[in-house]
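Start counting the sequence shown at 535; every next residue gets the next number (this note's numbering). A virtual CB, placed ideally from N, CA and C, is assigned to each residue, including glycine. The structure presented is a predicted model; accordingly, all values stated were derived computationally and were not measured.
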Amino acid sequence: MIALKELYQIAEKEISDILPDSFIDFRLEQAEYNENDDIWEIVVSYLTENNNKGTSPFSQLSQNFPYERIYKKLKITDKKEFKGFYMYTP
């Protein structure tokens with residue numbers, strides 16, 4: 535078994551090169567071990583600048599947060615090998 539702290543470190547190392555420079559608050563949100571495939575399926579999240587702010591006059595009435603949380607799913611083998619990177623919607 536791989537410790538949660540180690541899963542976090544593997545995930546951060548594997549995807550740090552493709553994350554935006556402005557990402558902050560990297561978190562391990564979920565970890566599940568699939569015994570049939572000997573693979574960890576984990577979900578990580580991070581904050582990044584919100585580029586989807588509304589531009590219509592009505593958008594001023596809604597909340598436009600400066601950051602948004604992005605979620606990604608990763609697969610890691612028992613041998614600590616990175617196997618997959620997926621979009622994830624909580």
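Less than 8 Å between the CB atoms is what I'm expecting for residue i and residue j, so what's the real figure, rounded?
i: residue 608; j: residue 616; result: 7 Å
i: residue 572; j: residue 612; result: 5 Å
Can you tell which of the options has its C-alpha closest to the C-alpha of residue i?
i: residue 518; options: 624, 622, 620 and 541; result: It is not possible to answer for residue 518, since the shown part of the chain is limited to 535 through 624.
i: residue 554; options: 602, 536, 612 and 563; result: 602
i: residue 548; options: 572, 622 and 606; result: 606
i: residue 623; options: 579, 610 and 614; result: 579
What separation, rounded to the nearest whole angstrom, lies between the Cα atoms of residue i and residue j?
i: residue 604; j: residue 582; result: 7 Å
i: residue 564; j: residue 558; result: 18 Å
i: residue 566; j: residue 585; result: 31 Å
i: residue 544; j: residue 560; result: 12 Å
i: residue 570; j: residue 618; result: 17 Å
i: residue 538; j: residue 546; result: 12 Å
i: residue 577; j: residue 562; result: 6 Å
i: residue 535; j: residue 614; result: 10 Å
Identify every run of the beta strand (DSSP E) within the stretch 564-588, keeping only runs that are complete inside it and at least 3 residues long; order them along the chain.
573-583
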